[in-house]
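In mature numbering (1 follows the signal peptide of the UniProt record, and there is no 0), the protein residues as written are -21 to -1, 1 to 429.
Ideal placement from N, C-alpha and C gives every residue a C-beta, glycine not left out.
All of these numbers come straight from a predicted model, not from anything done at the bench.
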C-alpha cells in the first residue's frame, strides 16, 4: 500500500511538473514572455490565451473584461492562424490584456490578426499608431513601474475589427527608465507603412532610424496618415509623447499638408498657435523640439527645371514660429527642393509613388530622412554617433574648473541652460535624466581626484 502511494505521488509530481513546464507562468523567472491569442491550437513555445481567459493574480495574465473579447480566425499560419478581437476599445479602455511583470524596461512586439488599420495602446497611452494590413508586426519599448503591463488594440479606422494574434514581451533592463528617444510627429509623408522593412510606400519617419545612433536612441514614429496638427495634439498622439518625453529626448514635428485642407477647418493663424502649444509643452518637459517643414510635390518644377519652394502647407508660419520660440528648424521644403533640382525631374518622380506627387516610396523616404538627419547634425544636435564626454558642460572638450563653475551657476539659477543640447547630456553625470546636486557632487569628486 505504501509503495502504491509513493508511486502515485511520484506520478502526480511528474504530471504537475510537465503541466507547469508547458502552461505555468512565472513573471519573475523569465526574460521573455510569448502569448498566442485565439481559440485554436497553441503554437509551441507560446502560452495560449483565448478570449475567455480572465486575468487572475494566480496566473499573472489575462483579460480584464473577457466578455468584451472574441475569438476570431486570421489568415496566417501557426501563431498567426487565429487571434482575439477587442469588442470594447479606446486609448484608456479598461478592456485590456494584463500581464504581471517585475518593474523594468521592456520591448513589446505586436502581431495583429486580420485588421485593416489599428493602433496599440498601453498604460493608457498610444504606443503604435495605425498599423495597417493583416498580420502587421511592430514593436516598442515601454517602462513598467507598477508591476503590470496593460495593453489593448484600439481604433485606427472606425468600423473595422481590432485584433491581436501574438504578443512577445522581452525584458531589456531592470531599470524602468526609458532609453533616450527621438519622437516623430507628422502625416502620411512621415508615417509607418507595413510590412515595416519591405513596404513599397514609406514615410521618412519610418526609415529615420537608419540615420540616427540607435545605440543611444530609440525612434518612436507617432506620425499617422491623414493627420493634421490639431488632431495630433487633441486625439492622443501628442498626449502619449508628453507622458514619456524627458530631457535628452528629441521631438521632430512636421505638419502643414493636411492642415491646409478645407475639411480640417484650420486657418494659418490657428495652425501656428496649435504648433506653438506643442512646442511650449515639449520645452516644459526639458526635451528638444525640432520643427520640420513638409517637402514639396514631385511636380514642383518650373520651366527652368528648378524645383521651387513656396508658402505651400503653411511653411512661412512654421519658419516664423521657430524664430519666435527659438527652436531648431529643418526646412525640408527648401532642402528637398535643392536635392530634387540637382537630380532632375525624372529622378525626382522615381522617388515617389506612381502617379502620386506627394507620397514618397521607400527610396524617396530614405532620401528625405537623410536630408532631415544631416541638417540636424549640421545644427549641432546630438542624434549621430558622436560621444558626449560626461562633465564637459561647456562643450570645449575639457573637464575642468570652468565646467564646475557653469554647473554651479545652472543649479543656482544664474544661467537657464547650457551652451548646446549635448552639454545637457554631459551635465547629467549619473544618467538619470535629471541635472541636480548629485551630478554636481560627482563632477566635484572627479575634479578633486583628478
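Checklist entry - Does the pairing of the region 114 to 133 with the region 56 to 72 give three or more beta-carbon distances under 8 angstroms? => result yes
Checklist entry - Can you tell me where the beta strand (DSSP E) with residue 430 in it begins and where it stops? => result Residue coverage of the chain in this structure runs from -21 to 429, which leaves residue 430 outside it and unanswerable.
Checklist entry - Whose C-beta lies closer than 6 angstroms to the C-beta of residue 170 among residues of the same chain, with five residues either side of it excluded? => result Translated into positions along the chain shown, residue 170 becomes position 191. If we look at residue 170 and ignore the five residues flanking it on each side, its Cβ neighbours are 182, 202, 203, 204.
Item to check | CB-CB length for residue 19 against residue 54, believed under 8 angstroms | outcome: Position 40 of the chain shown holds residue 19. Position 75 of the chain shown holds residue 54. 13 angstroms between Cβ atoms; not a contact.
Checklist entry - How about residue 272 and residue 298: are their beta carbons less than 9 angstroms apart? => result Working through the chain shown from its first residue, we reach residue 272 at position 293. Working through the chain shown from its first residue, we reach residue 298 at position 319. Yes, Cβ-Cβ distance for residue 272 and residue 298 is below 9 angstroms.
Next on the checklist: Can you give me the C-alpha to C-alpha distance between residue 254 and residue 354, rounded to a whole angstrom?
Outcome noted: Within the chain shown, residue 254 is the residue found at index 275, counting from 1. Within the chain shown, residue 354 is the residue found at index 375, counting from 1. Their Cα atoms are separated by approximately 21 angstroms.
Checklist entry - Shortest alpha-carbon distance to residue 215 belongs to which of 290, 344, 36, 135? => result Taking the first residue of the chain shown as 1, we reach residue 215 at position 236. With distances taken between Cα atoms, residue 215 lies closest to 135.
Checklist entry - Can you round the beta-carbon distance between residue 336 and residue 278 to whole angstroms, since I take them to be within the 8 angstroms contact cut? => result Against the chain shown, residue 336 aligns to sequence position 357. Against the chain shown, residue 278 aligns to sequence position 299. Yes, they are in contact, since the Cβ atoms of residue 336 and residue 278 sit about 5 angstroms apart, within 8 angstroms.
Item to check | Beta-carbon proximity list for residue 2, same chain, < 6 angstroms, skipping 5 on both sides | outcome: As a position in the chain shown, residue 2 is number 23, starting the count at 1. In this prediction, residue 2 has a pLDDT of 49, which is less than 50 and means its spatial position is unreliable; nothing more can be read from the coordinates.
Checklist entry - So who's on the other strand from residue 42, going by DSSP bridges? => result As a position in the chain shown, residue 42 is number 63, starting the count at 1. DSSP lists 33, 76 as partners of residue 42.
Item to check | DSSP three-state assignment for residue 181, whether helix, strand or coil | outcome: The residue you call residue 181 lines up with position 202 of the chain shown. Residue state, collapsed to three classes: coil.
Item to check | Length of the line joining the Cα atoms of residue 90 and residue 24 | outcome: Numbered from its first residue, the chain shown carries residue 90 at position 111. Numbered from its first residue, the chain shown carries residue 24 at position 45. Approximately 16 angstroms between the Cα atoms of the pair.
Checklist entry - Is residue 317 buried or exposed, if buried means 16 or more other CB atoms sit within 10 Å of its CB? => result Sequence index remark: in the chain shown, residue 317 carries index 338 (1-based). That one is exposed.
Next on the checklist: For a quick check, are the C-beta atoms of residue 210 and residue 243 less than 9 angstroms apart?
Outcome noted: Translated into the one-based positions of the chain shown, residue 210 becomes position 231. Translated into the one-based positions of the chain shown, residue 243 becomes position 264. For the 9 angstroms CB-CB criterion, residue 210 and residue 243 form a contact.
Item to check | Rounded straight-line distance, which links the Cα of residue 145 to that of residue 62 | outcome: Position 83 of the chain shown holds residue 62. Position 166 of the chain shown holds residue 145. Cα to Cα, the separation comes out at about 7 angstroms.
Item to check | Cutoff 8 angstroms; reference residue 139; Cβ partners in own chain excluding five residues on either side | outcome: The sequence position of residue 139 within the chain shown is 160, counting from 1. These residues qualify, in order along the chain: 94, 95, 96, 97.
Checklist entry - What alpha helix (DSSP H) runs, 4 residues minimum, are completely inside the region 311 to 389? => result Runs of alpha helix (DSSP H) with 4 or more residues, each lying fully within the region 311 to 389, are found at 311 to 322, 324 to 328, 341 to 357, listed in chain order.
Checklist entry - What did DSSP end up calling residue 56 once you bin it into helix, strand or coil? => result Here the question's residue 56 lines up with position 77 in the chain shown. Note: residue 56 maps to coil in three-state DSSP.
Next on the checklist: Quick check: the Cα distance between residue 415 and residue 406, rounded to an integer number of angstroms?
Outcome noted: Translated into the one-based positions of the chain shown, residue 415 becomes position 436. Translated into the one-based positions of the chain shown, residue 406 becomes position 427. Rounded to the nearest angstrom, the gap between the Cα atoms of residue 415 and residue 406 is 9 angstroms.
Checklist entry - Since residue 77 and residue 34 are thought to touch, with beta carbons under 8 angstroms apart, how far apart are those beta carbons, to the nearest angstrom? => result Position 98 of the chain shown, counting from 1, holds the residue named residue 77. Position 55 of the chain shown, counting from 1, holds the residue named residue 34. About 5 angstroms separates the two Cβ atoms, so the contact holds.
Item to check | Complete runs of the alpha helix (DSSP H) confined to the region 239 to 314 [at least 4 residues] | outcome: 247 to 263, 294 to 304
Item to check | Proximity of residue 120 and residue 151 at Cβ, strictly below 9 angstroms | outcome: Counted from its first residue, the chain shown places residue 120 at position 141. Counted from its first residue, the chain shown places residue 151 at position 172. Yes.
Checklist entry - Short check: CB of residue 196 to CB of residue 149, under 9 angstroms? => result For this step, residue 196 is matched to residue 217 along the chain shown. For this step, residue 149 is matched to residue 170 along the chain shown. Cβ distance not < 9 angstroms, so residue 196 and residue 149 don't count as in contact.
Checklist entry - Bridge partners of residue 174, per DSSP? => result As a working note, residue 174 is residue 195 in the chain shown. In the DSSP output, where bridge partners are listed per residue, residue 174 has none listed.
Next on the checklist: Count Cβ pairs between the region 219 to 238 and the region 381 to 391 that sit closer than 8 angstroms; are there 3 or more?
Outcome noted: Not touching, per the Cβ criterion.
Checklist entry - Exposed or buried, what is residue 357 when buried is set at 16 or more other beta-carbons lying within 10 Å of its beta-carbon? => result Position 378 of the chain shown holds residue 357. Under the 10 Å beta carbon count, residue 357 is surrounded by fewer than 16 other beta carbons and is classified as exposed.
Next on the checklist: Helix, strand or coil for residue 13? Go by DSSP, reduced to three states.
Outcome noted: What you label residue 13 is simply residue 34 of the chain shown in a count that begins at 1. Here residue 13 sits in strand by DSSP.
Checklist entry - Under three-state DSSP, which class holds residue 222? => result Sequence index remark: in the chain shown, residue 222 carries index 243 (1-based). Three-state DSSP puts residue 222 in a helix.
Checklist entry - If you drop the 5 nearest sequence neighbours on each side, which residues of the same chain put their C-beta closer than 6 angstroms to that of residue 224? => result Reading the chain shown from its first residue, position 245 is the one you call residue 224. Closer than 6 angstroms at Cβ, skipping near neighbours: 264, 266.
Checklist entry - Is residue 128 helix, strand or coil when you go by DSSP? => result Here residue 128 refers to the residue found at position 149 when the chain shown is read from its first residue. Note: residue 128 maps to strand in three-state DSSP.
Checklist entry - From residue 85 to residue 147, what distance separates their C-alpha atoms? => result To locate residue 85, count along the chain shown from 1; it is residue 106. To locate residue 147, count along the chain shown from 1; it is residue 168. Rounded to whole angstroms, residue 85 to residue 147 spans 10 angstroms at the Cα level.
Checklist entry - Distance, Cα to Cα, residue 108 vs residue 65? => result To locate residue 108, count along the chain shown from 1; it is residue 129. To locate residue 65, count along the chain shown from 1; it is residue 86. The straight-line gap from Cα to Cα measures roughly 16 angstroms.
Next on the checklist: If distances are taken between C-alpha atoms only, which option among 282, 16, 238 comes closest to residue 52?
Outcome noted: Translated into the one-based positions of the chain shown, residue 52 becomes position 73. Answer by Cα proximity: 16.
Next on the checklist: Here's the rule: buried if 16 or more other CB atoms are within 10 angstroms of the residue's CB, otherwise exposed. What is residue 456?
Outcome noted: One cannot answer for residue 456 here, as it falls past the ends of the chain, which runs -21 to 429.
Next on the checklist: What does the alpha-carbon distance come out to for the pair residue 126 and residue 200?
Outcome noted: Here residue 126 refers to the residue found at position 147 when the chain shown is read from its first residue. Here residue 200 refers to the residue found at position 221 when the chain shown is read from its first residue. Residue 126 and residue 200: Cα-Cα distance of roughly 26 angstroms.
Checklist entry - Looking at the unbroken beta strand (DSSP E) that takes in residue 213, where does it start and where does it end? => result For the purposes of this step, residue 213 is taken as residue 234 along the chain shown, with counting starting at 1. Not the beta strand (DSSP E): residue 213 falls in the alpha helix (DSSP H), residues 208 to 213.
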